[in-house]
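**Student:** Provided herewith is a single structure, encoded as structure tokens, for subsequent inquiry.
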């Protein structure tokens with residue numbers, strides 16, 4: 019057992035592509051078990067946002083590292099970070115190996131809390147918490163994920179089209195899966211949860227079944 023995971027702690031790792039439902043599931047699971055929750059995607063969105071706020075390019079390695087090194091979990095503005103622009107910026111900075119190294123310790127310290135934690139992202143079960151007691155890889159077809167993200171963005175008043183959202187989803191899938199450092203991939207011991215035909219309540223029940231069996 020790694021030092022950052024306590025032997026008696028319940029650490030639950032949820033990984034998956036954009037708009038698969040992992041974030042919503044992670045929040046509900048954390049509430050069910052009374053555990054702290056971290057959406058690690060927000061960290062990369064915050065880094066991308068910080069670079070953009072200073073007029074920089076999210077692909078600029080030095081600028082992204084500087085922002086990542088100063089990141090404060092307590093200062094994350096989730097409402098602002100949920101936009102489509104921040105999602106694209108997050109995917110770009112997440113492909114920078116040095117940024118992932120800077121954020122690695124922050125995520126592992128969160129997971130090391132007494133009792134455990136729930137974390138969702140792209141590399142929780144493979145890199146951040148490979149010794150997590152429960153690993154779930156949440157997925158759905160690109161079209162279903164794009165429809166979910168389109169409704170989310172449109173509901174916030176963003177001027178988007180389904181076609182543009184689907185193209186963005188497919189770009190991010192390709193970038194996340196092909197990066198050399200911590201690519202998006204299911205851990206060998208992760209349980210697959212396909213939410214294509216499931217609403218959130220059904221997906222939550224399925225996740226609880228997985229956790230119960232583990």
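Numbering (the working numbering), first residue to last: 19 to 232. The beta-carbon is built from N, C-alpha and C at its ideal position, and this holds for glycine as well. Computed from a predicted model, the values in this text were never measured in an experiment.
Assuming residue 103 contacts residue 218 (C-beta within less than 8 angstroms), just tell me the rounded distance between them.
**Tutor:** 26 angstroms between Cβ atoms; not a contact.
**Student:** Within 10 Å of its beta-carbon, does residue 35 have 16 or more other beta-carbons around it, so buried, or fewer, so exposed?
**Tutor:** Answer is buried; the Cβ neighbour count reaches 16.
**Student:** Is residue 136 near residue 61, with beta carbons less than 8 angstroms apart?
**Tutor:** Result no, Cβ atoms of residue 136 and residue 61 do not sit closer than 8 angstroms.
**Student:** Starting from the C-beta of residue 20, find all residues in its chain whose C-beta is less than 6 angstroms away, skip the five residues before and the five after it, and write them out in chain order.
**Tutor:** Caution applies to residue 20, whose pLDDT of 49 falls short of 50 and renders its modelled position unreliable; the value that the coordinates give is listed next. Excluding positions up to five away in sequence, the list reads 149.
**Student:** Which whole runs of the alpha helix (DSSP H) in the segment 108-168 are 4 residues long or more, in chain order?
**Tutor:** Listed in chain order, the complete alpha helix (DSSP H) runs (minimum 4 residues) inside the segment 108-168 are 115-129.
**Student:** In whole angstroms, give me the CA-to-CA distance for residue 180 and residue 173.
**Tutor:** So the alpha carbons of these two residues sit roughly 13 angstroms apart.
**Student:** Nearest CA to the CA of residue 49: which residue from 74, 134, 98 and 88?
**Tutor:** If we check each option's Cα against that of residue 49, 134 comes out closest.
**Student:** Which same chain residues, not among the five before or five after residue 63, have their C-beta less than 6 angstroms away from its C-beta?
**Tutor:** The residues are 99, 104 and 108.
**Student:** Using the three-state DSSP reduction, which class does residue 178 fall into: helix, strand or coil?
**Tutor:** Here residue 178 sits in coil by DSSP.
**Student:** Buried or exposed for residue 198, going by 16 or more other Cβ atoms inside 10 Å?
**Tutor:** When all chains shown are included, residue 198 counts as exposed.
**Student:** Is it right to say residue 196 is buried, meaning 16 or more other beta carbons lie within 10 angstroms of its own, or is it exposed?
**Tutor:** Residue 196 is exposed by the Cβ-count criterion.
**Student:** So within the segment 48-101, which uninterrupted beta strand (DSSP E) runs reach at least 3 residues, ignoring any that extend past its ends?
**Tutor:** If we require 3 residues or more, the beta strand (DSSP E) runs fully inside the segment 48-101 come out as 55-57.
**Student:** Between which two residues does the beta strand (DSSP E) harbouring residue 33 extend?
**Tutor:** Its beta strand (DSSP E) spans residues 28-33.
**Student:** Leaving aside the five residues before and after residue 82 along the sequence, list all residues of the same chain whose C-beta is less than 6 angstroms from its C-beta, in chain order.
**Tutor:** Hits under 6 angstroms: 65, 69, 111, 114 and 117.
**Student:** Thinking C-alpha only, which one of 171, 139 and 151 is nearest residue 301?
**Tutor:** Outside the displayed span of the chain (19 to 232) sits residue 301, for which this structure offers no information.
**Student:** Can you give the Cα-Cα distance for residue 224 and residue 160, rounded to whole angstroms?
**Tutor:** In a straight line, the C-alpha of residue 224 is about 21 angstroms away from that of residue 160.
**Student:** Would residue 143 and residue 31 be called neighbours here (beta carbons separated by less than 8 angstroms)?
**Tutor:** It is a contact, given that the beta carbons lie within the stated cut-off.
**Student:** Using 10 angstroms around the beta-carbon of residue 127, count the other beta-carbons present and answer buried if the total reaches 16, otherwise exposed.
**Tutor:** So residue 127 counts as exposed.
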